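One structure below.
Number of protein chains: 2
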Amino acid sequence: MQGFFRYYLSLYRPMIQALNQLLHPYELSYSLWQVMFYLHEHEQASLVEISAYYGIEKPGITRRVQRLEELGYLTSAPGNDRREKSIALTAEGQRIYSECRQQITALERRATAGIATEQLEQTVTVFQQLLGNLK
Amino acid sequence: MQGFFRYYLSLYRPMIQALNQLLHPYELSYSLWQVMFYLHEHEQASLVEISAYYGIEKPGITRRVQRLEELGYLTSAPGNDRREKSIALTAEGQRIYSECRQQITALERRATAGIATEQLEQTVTVFQQLLGNLK
DNA sequence: CAAATATAGTTGCCTTAGTTTACTATTACT
DNA sequence: AGTAATAGTAAACTAAGGCAACTATATTTG
Numbered sequence: 545m546q547g548f549f550r551y552y553l554s555l556y557r558p559m560i561q562a563l564n565q566l567l568h569p570y571e572l573s574y575s576l577w578q579v580m581f582y583l584h585e586h587e588q589a590s591l592v593e594i595s596a597y598y599g600i601e602k603p604g605i606t607r608r609v610q611r612l613e614e615l616g617y618l619t620s621a622p623g624n625d626r627r628e629k630s631i632a633l634t635a636e637g638q639r640i641y642s643e644c645r646q647q648i649t650a651l652e653r654r655a656t657a658g659i660a661t662e663q664l665e666q667t668v669t670v671f672q673q674l675l676g677n678l679k
Numbered sequence: 545m546q547g548f549f550r551y552y553l554s555l556y557r558p559m560i561q562a563l564n565q566l567l568h569p570y571e572l573s574y575s576l577w578q579v580m581f582y583l584h585e586h587e588q589a590s591l592v593e594i595s596a597y598y599g600i601e602k603p604g605i606t607r608r609v610q611r612l613e614e615l616g617y618l619t620s621a622p623g624n625d626r627r628e629k630s631i632a633l634t635a636e637g638q639r640i641y642s643e644c645r646q647q648i649t650a651l652e653r654r655a656t657a658g659i660a661t662e663q664l665e666q667t668v669t670v671f672q673q674l675l676g677n678l679k
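One line per chain: the protein sequences are V and G, in this order.
The first sequence runs contiguously to residue 679 in my numbering.
The second sequence runs contiguously to residue 679 in my numbering.
Printed below as a string of structure tokens:
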């Protein structure tokens, strides 16, 4: 299956652009959305936790968190440690999360229209195998 | 199939990082590689042609081409028009292309190890459908 | 044909997203 | 107590792309 990566990658820009366009009215981008998503799944988290989860260096996460705090979508409190920061979505953040979640799901539906659920599930399985092999 | 985009996107950074690491010894990145790939398929091309093909604004292509010219991987000649530029791979460029092509194919094989060819083909079909729906 | 319009490419400036290095503060190890 | 490791931050850098404005040519049209 030569050229597999090329097929994969040809999809990236259209997808990320559609997502960023969708998120723009909320002053979000996909990279900020990732943090909100993580917090929606985990209630609260530390910065290293998120850094490790997405495989992105800590300074990148610091800045995302700072931005989201400015927007009022999350708050930070001291964690277990006195060096650790525990961040969580605010009520506003949760509201915005839900609204975006709905729109992203709608976009996903549009994008996957006409593709059988089984096919999509198999594709996800392929993604997971690829991910395993690439790390 | 909620969260499909997330599965897709989780693969992007590992893949692009592996590719860029592989291309780094040749002073290339995936964005530069794309231009070389196009020229390998088409012998010669104009900048707008490549711009349209990858959906990237002209200035971005201008800069990629300038960089590849510096590296001696491509040359430009006047096109049909006197405003148009016709670019093509140099002998060196073709040599580098082949070398990278081999390595990328090897990487693809590693990444897709243990996945049935049929599955990969179906995945590519899904990519194409998604792409059609997103544009 | 002359003037207006369109096209190819370039330059400059900006934004987004990420990395590396080096630092502070705190905690854990021995 | 002294050394190591860990959490977070700041500064400086790079890669990649977008937008606006420009030049030079070509095409259209009045």
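Note that the Cβ used here is the ideal one computed from N, Cα and C, for glycine as well.
Nothing here was measured: the structure is a model prediction, and the numbers come from that model.
Buried or exposed (CB count within 10 angstroms, at least 16 for buried), residue i
i, result
"V:Val579", "buried"
"G:Val670", "buried"
"V:His661", "His is not the amino acid found at residue 661 of chain V; the sequence shown has Thr there. V:Thr661 should be labelled exposed."
"V:Ala589", "buried"
"G:Ala655", "buried"
Amino acids of chain V, ordered along the chain, whose beta-carbon sits closer than 9 Å to that of residue i
i, result
"G:Glu665", "Met545"
"G:Pro558", "Gly599, Leu674, Leu675, Leu678, Lys679"
"G:Leu576", "Within 9 Å Cβ-Cβ: nothing; G:Leu576 doesn't reach chain V, min ~14 Å."
"G:Glu643", "Neighbours of G:Glu643 on chain V: none; closest Cβ ~15 Å, over 9 Å."
Residues of its chain near residue i, where Cβ-Cβ distance is below 8 Å and the 5 sequence neighbours each way are ignored
i, result
"V:Leu618", "Val579, Met580, Leu583, Val609, Leu612, Ile631, Ala632, Leu633, Thr634, Gly637"
"G:Leu651", "Ala562, Leu563, Leu566"
"G:Leu664", "Thr656"
Contact list for residue i against chain G, beta-carbon separation under 7 Å
i, result
"V:Ala681", "Given a span of 545 to 679 for chain V in the structure shown, any question on residue 681 of chain V remains unanswerable."
"V:Tyr551", "Val668, Phe671"
Cβ shell of residue i (< 7 Å), same chain only, five flanking positions each side left out
i, result
"V:Tyr598", "Gln578"
"V:Tyr641", "Met580, His584, Leu633"
"V:Ser575", "Arg608"
"V:Ile560", "Tyr574"
Cβ-based neighbour list, residue i, same chain, cut-off 6 Å, excluding 5 preceding and 5 following
i, result
"G:Ile605", "Leu591, Ile594, Ser595"
"V:Tyr620", "First, the residue type needs correcting, since residue 620 of chain V is Ser and not Tyr in the sequence shown. Excluding positions up to five away in sequence, the list reads Lys629, Ile631."
"V:Gln647", "Leu566"
Partner residues on chain G for residue i, Cβ-Cβ distance less than 9 Å
i, result
"V:Ile640", "Chain G residues near V:Ile640: none, gap ~18 Å exceeds 9 Å."
CB-CB length for residue i against residue j, believed under 8 Å
i, j, result
"G:Gln673", "V:Thr649", "So it is not a contact: roughly 18 Å between Cβ atoms."
"V:Leu615", "V:Glu571", "6 Å"
"G:Pro558", "V:Leu553", "12 Å between Cβ atoms; not a contact."
"V:Val668", "G:Phe549", "Actually they do not touch by this definition, with Cβ atoms about 11 Å apart."
"V:Leu675", "G:Leu675", "21 Å between Cβ atoms; not a contact."
Contacts of residue i in chain V (Cβ-Cβ under 8 Å)
i, result
"G:Ser554", "Phe671, Leu675"
Chain-ordered chain V contacts of residue i [CB-CB under 7 Å]
i, result
"G:Ala562", "Leu678"
"G:Thr707", "Outside the shown range of chain G (545 to 679) lies residue 707 of chain G, about which nothing can therefore be said."
"G:Phe654", "The amino acid occupying residue 654 of chain G in the given sequence is Arg; Phe does not appear at that position. Neighbours of G:Arg654 on chain V, chain order: Asn677."
Listed by chain order, chain G residues near residue i by CB distance under 8 Å
i, result
"V:Ile648", "Phe549"
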